[in-house]
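Taking UniProt numbering, the leading residue of the sequence shown gets 1, the next gets one more, and so forth.
Using N, Cα and C, we set each Cβ at its ideal position, and we do this for glycine too.
Just so we're clear, the structure is a prediction, and the values are computed from it rather than from any experiment.
Here is the structure we will look at.
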Amino acid sequence: MPVISVPQAFNEDDLYVDLEGTFGHPLFLKCEGFNFAGSIKLKAATEMVEAAERDGLLTPGSVLVESSSGNLGVALSMIAASKGYRFLCVTDARCNLATRLMMEALGSQVHVITEPDPVSGFLGARIDHVRALCASDDRYVWLNQYTNPSNGMAHYRRTAPAIARQFPDLDVLFVGAGTTGTLMGCARYFREWHRPVRIVAVDSVGSVTFGGAPGRRMIPGLGTSKRPPLLDESYVDDVVCVAEADTIRACHRLARRGFLFGGSTGTVVSGAMDWLSRQEERDLTAVAIAPDLGERYLETIYQANWVQDLYGDDVLGSQSLTTASQAT
């Protein structure tokens, strides 16, 4: 029985869901939402805060500040509360209400950006706001998940080795691309492993991460409006881009089997099934990473009026196999 004194000390790292019976292709889904922060972002948040402490950047009077679409903000809120730091999260209007309320319940301050930058979108506007805060008061410490090497190092040290232990014959790994910290950390680990593993990045249609055209994205988590500085495409074997309507279909299909996952997970699962359906090999050992659970999406992805208003009346009527819209 684990007994802990700080919330970041607990994380279930070895739970997988076999999706073959639900989607018809063999795929093991690594569930990363079973910790007190509710997402994989706990690993990056812990690594970045501990590195900042080792480097002397954080002092008792420091105020942590970070741009986040939601999950990292919750993880940093939890760690800041545990360690006695103040934390200010800069998010935007797409952040789920439940996520914002959770950060505030943990004692954090939340600034919501309502107008995107004309060129770099909401992400650029959020980063500009963080920079202005840091310029106004030297107590602010910006961890900067978009350039911080500890973001990827958390997954090089923890996520990828955990997968390797459970699946020594792994053939392909599907990883969602946001800041690309998870993607790069896992890809670098498996590049050095004893056998080749194909790394497939899963992105959202409307994201510019891999050179796609910018477009509307309403589901927080994956995708960016500016190329992530952490990304090194030489570590990526393939990219699948998923339309948000397919993300929603995948989430609802999982929910009909009793698994309530978040939007990023729906995107990764949809992209993985599309990729697997196009392969001649049928005996691949495949794993996909599920970043979070679905409770924070009850007012969006799992709310019929929200879905129909944004994506049309027929989105939830499709009973066909959820697939991605395009591949690159």
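Nearest CA to the CA of residue i: which residue from the options?
{"i": "Ile40", "options": "Asp55, Gly107, His155", "result": "His155"}
{"i": "Leu72", "options": "Gly294, Gly24, Glu192, Cys89", "result": "Cys89"}
{"i": "Thr22", "options": "Arg249, Gln279, Thr224", "result": "Arg249"}
{"i": "His111", "options": "Arg296, Val119, Met153, Glu66", "result": "Glu66"}
{"i": "Gly262", "options": "Glu12, Val49, Gly70", "result": "Gly70"}
{"i": "Met218", "options": "Phe36, Met102, Arg94", "result": "Arg94"}
{"i": "Asp164", "options": "Asp138, Gln279, Thr59, Arg191", "result": "According to the sequence displayed, residue 164 carries Ala and not Asp. Considering only alpha carbons, the answer is Arg191."}
{"i": "Asn148", "options": "Val287, Pro60, Leu231, Ala132", "result": "Leu231"}
{"i": "Arg253", "options": "Gly294, Val236, Asp238, Gly215", "result": "Gly294"}
Roughly how many angstroms lie between the CA atoms of residue i and residue j, to the nearest whole one?
{"i": "Thr323", "j": "Glu47", "result": "Note on Thr323: pLDDT 43, under 50, position unreliable in the model; no value is reported."}
{"i": "Asp309", "j": "Val141", "result": "39 Å"}
{"i": "Ala162", "j": "Cys186", "result": "10 Å"}
{"i": "Leu222", "j": "Met184", "result": "14 Å"}
{"i": "Arg296", "j": "Asn96", "result": "7 Å"}
{"i": "Gly56", "j": "Cys251", "result": "42 Å"}
{"i": "Phe122", "j": "Gln279", "result": "36 Å"}
{"i": "Asp137", "j": "Cys241", "result": "40 Å"}
{"i": "Asp128", "j": "Pro118", "result": "12 Å"}
{"i": "Thr99", "j": "Gln166", "result": "31 Å"}
{"i": "Gly178", "j": "Pro2", "result": "32 Å"}
{"i": "Val6", "j": "Gly215", "result": "41 Å"}
{"i": "Ser82", "j": "Lys43", "result": "15 Å"}
Rounded to whole angstroms, how far is the Cβ of residue i from the Cβ of residue j, which I believe are closer than 8 Å?
{"i": "Leu284", "j": "Asp171", "result": "4 Å"}
{"i": "Ser264", "j": "Pro291", "result": "4 Å"}
{"i": "Val268", "j": "Phe174", "result": "6 Å"}
{"i": "Ala75", "j": "Ala45", "result": "4 Å"}
{"i": "Val202", "j": "Gly176", "result": "5 Å"}
By DSSP's criteria, residue i is part of a beta bridge. Which residues make up the other side?
{"i": "Val130", "result": "BP columns for Val130 are empty, so no partner."}
{"i": "Ser108", "result": "BP columns for Ser108 are empty, so no partner."}
{"i": "Asn35", "result": "Asn11"}
{"i": "Arg198", "result": "Val172"}
{"i": "Asp283", "result": "Answer by DSSP bridge pairing: none, since Asp283 is not bridged."}
Which residue comes first and which comes last in the alpha helix (DSSP H) that contains residue i?
{"i": "Gly185", "result": "181 to 191"}
{"i": "Asp309", "result": "304 to 311"}
{"i": "Ser82", "result": "71 to 83"}
If I follow the unbroken beta strand (DSSP E) through residue i, where does it start and stop?
{"i": "Val269", "result": "Element bounds for Val269: not the beta strand (DSSP E) but the alpha helix (DSSP H), 263 to 277."}
{"i": "Arg86", "result": "86 to 92"}
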